[in-house]
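Chemist:
There are 2 protein chains.
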Amino acid sequence: MFVATNRLFVPAERAEEFEAHFRDNMRTYLPGVPGLRRSTLLRPTRPDQPYVSVNEFDTEDDFRAWVASDSFKEAHKRNAGIARHVTGNAVETFQPSEDLVLLT
Amino acid sequence: MFVATNRLFVPAERAEEFEAHFRDNMRTYLPGVPGLRRSTLLRPTRPDQPYVSVNEFDTEDDFRAWVASDSFKEAHKRNAGIARHVTGNAVETFQPSEDLVLLT
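Just so you know, the protein sequences line up as chains E and H, in that order. Reading the first sequence from the start, the letters are residues 8 to 111 in the working numbering. Reading the second sequence from the start, the letters are residues 8 to 111 in the working numbering.
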């Protein structure tokens, strides 16, 4: 399992536009990405916190292939309008072993 | 859906002990917590990044009830030994709407 997160600070007055754009991009570009298990946009409960985008892949290679794909580039090209209002954009990656995931 | 994350910086020489302790606590204290869907410990891929603990609940009330529970207090009492080596400990909470979760 390989997880990539991105911390995205969005001003309150742009939150609705940001979510609509993100939701649309998820539905357009993510289905069928090889090795992608789950994608989530975590909405902050406090105004000083960022959104956190979480993408869970089977392997690091799947993540790297996605970042190098035309579909990824196309999606990010479409972000240009809203992206100028988003700060942070700090990607972090993680490799949880399967025994550190508990489904209850 | 209500998600609580905790960013935990652990020195490299304590990582193995920390993971073993965390894994044991997950298995001892988390099964049966009402409303808890999934618990994950994200292991950093770089030494300057934190572990991120992610707990996904059905509702905020489920999260609050867990934090107030004897089981939560007991688990955190058992953390005392390793906790002195952990820094950060910054809890953030999120409320993703279900349409911002994509299973592929």
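Built from N, CA and C at the ideal position, the CB exists for glycine as well.
In angstroms with no decimal places, state the Cα-to-Cα distance between Q102/H and G95/E.
Modeler: Distance between the alpha carbons of Q102/H and G95/E is about 20 Å.
Chemist: Quick check on S78/H: does DSSP put it in helix, strand or coil?
Modeler: Note: S78/H maps to helix in three-state DSSP.
Chemist: Taking its Cβ as the centre, do 16 or more other Cβ atoms sit within 10 Å of T35/H, making it buried, or is it exposed?
Modeler: Result: exposed.
Chemist: Report yes or no: do three or more beta-carbon pairs, one from the region 76–86 of chain E and one from the region 24–41 of chain E, lie closer than 8 Å?
Modeler: Result yes; three or more Cβ-Cβ pairs closer than 8 Å.
Chemist: Against chain E, with Cβ distances strictly below 8 Å, would E81/H count as a contact?
Modeler: Closer than 8 Å: no.
Chemist: Name, in chain order, the residues that DSSP records as bridge partners for N13/H.
Modeler: DSSP lists S60/H, V98/H as partners of N13/H.
Chemist: Could you tell me which of M8/H, R45/H, L110/H, T12/H sits nearest to Y58/H, measuring between CA atoms?
Modeler: The shortest C-alpha separation from Y58/H is found at T12/H.
Chemist: Could you check which residue in R14/H, F25/H, E20/H has the C-alpha nearest to that of R85/H?
Modeler: Closest by alpha carbon: F25/H.
Chemist: Can you pull the chain H residues whose beta carbon is under 9 Å from the beta carbon of F70/E, in chain order?
Modeler: Near F70/E there are no residues of chain H at all, since even the closest Cβ is about 10 Å away, more than 9 Å.
Chemist: What's the C-alpha gap between E20/E and M33/E?
Modeler: C-alpha separation (whole angstroms): 22 Å.
Chemist: Rounded to whole angstroms, what's the CA-CA distance from H28/E to A82/H? Just pull it up for me.
Modeler: Those two C-alpha atoms are separated by around 41 Å.
Chemist: Let me know the alpha helix (DSSP H) ranges lying completely inside the region 17–41 of chain E, each 4 residues or longer, listed in chain order.
Modeler: With a minimum length of 4 residues, the continuous alpha helix (DSSP H) runs that stay inside the region 17–41 of chain E are 22–36.
Chemist: What are the residues that DSSP puts in a beta bridge with T47/E?
Modeler: Beta-bridge pairing links T47/E to V61/E, V108/H.
Chemist: What residues in its chain sit with their C-beta under 7 Å from that of V17/H, if we drop five residues either side in the sequence?
Modeler: For V17/H, where only same-chain residues beyond five positions count, the Cβ hits under 7 Å are F25, Y58, H92, V93.
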